[in-house]
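Enquirer: Encoded as structure tokens, here's the structure I'll be asking about.
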Amino acid sequence: MLGWFKKKKEKNKAPDTAADTLESQESQTAPSPAAAPEVKSEGLIKRLKKGLHKTRESLIKRVDALFLGKKEIDADLLDELEEVLITADLGVQTVTEMLEEAKNQVDRKELADISALRAFLRDKMTGYLSDNQRPAEKPDSGPFVIMVLGVNGVGKTTTIGKLAHKFKESGNKVLLVAADTFRAAAIDQLKIWGERTGVEVSCQKPGADPSSVVFDALEYANNRNFDVILVDTAGRLHTQVNLIEELKKIKRVMNRKCPGAPHEVMLVLDATTGQNALSQTKLFNEAVELTALTLTKLDGTAKGGIVVNICREFTIPIRFIGVGEQMADLRDFDAHDFIKAIFT
Ligand SMILES: Nc1nc2c(ncn2[C@@H]2O[C@H](COP(=O)(O)OP(=O)(O)OP(=O)(O)O)[C@@H](O)[C@H]2O)c(=O)[nH]1
Ligand SMILES: [Mg+2]
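Quick note: the sequence shown uses my numbering, first residue 56, plus one each step.
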């Protein structure tokens, strides 16, 4: 997939991603080697479907209920469809754009019936989700430094823990850096993830300057052959201005200490906050130039359409989606799998 989790030492036919590793462990009962890939991919979609079931219920089940028994695509149907799509947080502009195109295609007799309209919606959403996807720019040598940020409670630390697990499982040497020194419990939370995943954590006392925590961690990492360094940052400071200035400083310090770093600036967004996710992306992107997004808590929302909305508004790739609190519930984002899990 994105090559993030390539095994360091390729064993015979090692899976491409840690997610694949987990999947293949679960599908060891595959009836024959030839059938294995199909079973694996169906298992993956099944689990994703479970994680996205609220969105599937609110979006596609409602679309299908609306389409049931109808043959013609008329203005009333498109009006009702508009409401369903907006309710699922696809965003007014995205929905307007999609339905205007649908209407034009109906006028040109290119969309003949309801099933063609359903396929049109599916293709259109897949297109929005696929457009931005591009791989991370990993360094040719030295550690892959990932700075993780986002407002408080979105799931930064949990995502870092899940990522540490994925990277470790793929044979990488991982270091976690506790640059959220604002909240005393944040350091302990990261240490717990470190113990759970068996990776080292670099930290200082609560209240320490986050930039100096990062500086010291990079110094420590020097010549110790870490493959990946995941930096946890604070989600809450006294004011938003402080938070942004703090993040800019951390980024500058990283780059000075380790030219090219951070190689990934990942914003974590809580999908249950709906349209707020858009303003957060804009704010952080203007301040620190994001290179990646992760949307968490998709299991807890019926408004998963926000993923499509964000992809249409920004050109930042979505790397992962969180569909639960367990370690394996952080999934590599794949546009086609996501749409398949919602539409089928
Ligand atoms: N259901 C669900 N819960 C999640 C997911 N990701 C994170 N959480 C939960 O969200 C809560 C907050 O997660 P944290 O990782 O502490 O969030 P944070 O952004 O680090 O929070 P601060 O450090 O306070 O800013 C925890 O209870 C997590 O278990 C997800 O994908 N699904
Ligand atoms: Mg945290």
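Backbone N, C-alpha and C define an ideal beta-carbon position, used for all residues, glycine too.
Would you say the beta carbon of Lys-211 comes nearer than 7 Å to a heavy atom of ligand 2?
Expert: yes
Enquirer: Contact check, Leu-230 vs Ala-276 under 8 Å by CB: the rounded distance?
Expert: 6 Å
Enquirer: Between the Cα of Phe-398 and those of Leu-114, Gly-98 and Asp-129, spot the shortest distance and give me the residue it belongs to.
Expert: Leu-114
Enquirer: With a cut-off of 8 Å on the beta carbons, I'd call Leu-103 and Ala-396 a contact; round off their distance for me.
Expert: 4 Å
Enquirer: Would you say Val-323 touches ligand 1, meaning its beta carbon is less than 7 Å from a heavy atom?
Expert: yes
Enquirer: Judging by CA-CA distance, which residue of Ile-215, Gly-329 and Lys-312 is the nearest neighbour of Ile-247?
Expert: When only C-alpha atoms are compared, the closest one is Ile-215.
Enquirer: Does chain D have any CB closer than 8 Å to the CB of Thr-370?
Expert: In the structure shown, chain D does not exist; there is a single protein chain.
Enquirer: Please list the terminal residues of the continuous alpha helix (DSSP H) segment that includes Asp-392.
Expert: 390-398
Enquirer: Once the 5 residues before and after Arg-177 are set aside, which same chain residues still bring their CB inside 7 Å of it?
Expert: Counting only Cβ-Cβ distances below 7 Å, and skipping sequence neighbours, we find Ile-394 and Phe-398.
Enquirer: In angstroms, rounded to a whole number, what distance separates the CA positions of Met-382 and Gln-160?
Expert: 44 Å
Enquirer: I need the straight-line Cα distance from Ser-82 to Gly-377, nearest angstrom please.
Expert: Here Ser-82 scores only 35 on pLDDT, less than 50, and its place in the model is too uncertain to base an answer on.
Enquirer: Of the choices Gln-295, Asp-325, Glu-274 and Glu-224, whose alpha-carbon is the least far from that of Val-342?
Expert: A small fix is needed here, since residue 342 is Ala in this sequence, not Val. Residue Gln-295 is the option with its Cα nearest to Ala-342.
Enquirer: So who's on the other strand from Leu-204, going by DSSP bridges?
Expert: Looking at the DSSP output, Leu-204 sits in a beta bridge with Leu-322.
Enquirer: Exposed or buried, His-318, counting other C-beta atoms within 10 Å across all chains shown (16 or more means buried)?
Expert: buried
Enquirer: Using a 10 Å radius around the Cβ and a threshold of 16 neighbouring Cβ atoms, would you call Leu-136 buried or exposed?
Expert: buried
Enquirer: Please report the straight-line C-alpha distance between Leu-145 and Met-202, rounded to a whole angstrom.
Expert: 28 Å
Enquirer: Using a 10 Å radius around the Cβ and a threshold of 16 neighbouring Cβ atoms, would you call Gly-315 buried or exposed?
Expert: exposed
Enquirer: Cβ of His-206 within 8 Å of Cβ of Gly-290?
Expert: A quick correction: the sequence has Val, not His, at residue 206. Going by C-beta atoms, Val-206 is nearer than 8 Å to Gly-290.
Enquirer: Relative to ligand 1, is the shortest distance from any of its heavy atoms to the C-beta of Asp-195 smaller than 7 Å?
Expert: no
Enquirer: With H, G and I counted as helix, E and B as strand and the rest as coil, what does DSSP make of Val-94?
Expert: A caution first: Val-94 carries a pLDDT of 45, below 50, which makes its placement in the model too unreliable to give a value.
Enquirer: Confirm the yes/no value for this check: CB of Asn-207, any heavy atom of ligand 1, distance under 7 Å.
Expert: yes
Enquirer: Are the CB atoms of Ser-266 and Val-308 nearer to each other than 8 Å?
Expert: Going by C-beta atoms, Ser-266 is nearer than 8 Å to Val-308.
Enquirer: Just to confirm before moving on: does the CB-CB distance between Thr-236 and Gln-259 stay below 8 Å?
Expert: yes
Enquirer: Note down, in chain order, each residue of its chain lying with its Cβ closer than 6 Å to the Cβ of Leu-154, except the 5 sequence neighbours on either side.
Expert: Leu-133 and Glu-137
Enquirer: Which runs of the alpha helix (DSSP H) at least 4 residues long sit entirely within the segment 127-214? Give them in chain order.
Expert: 130-142, 147-162 and 169-186
Enquirer: If you measure between the beta carbons of Ala-120 and Gly-360, is that distance less than 8 Å?
Expert: no
Enquirer: Using only the heavy atoms of ligand 2, determine whether one of them is closer than 7 Å to the beta carbon of Ala-241.
Expert: yes
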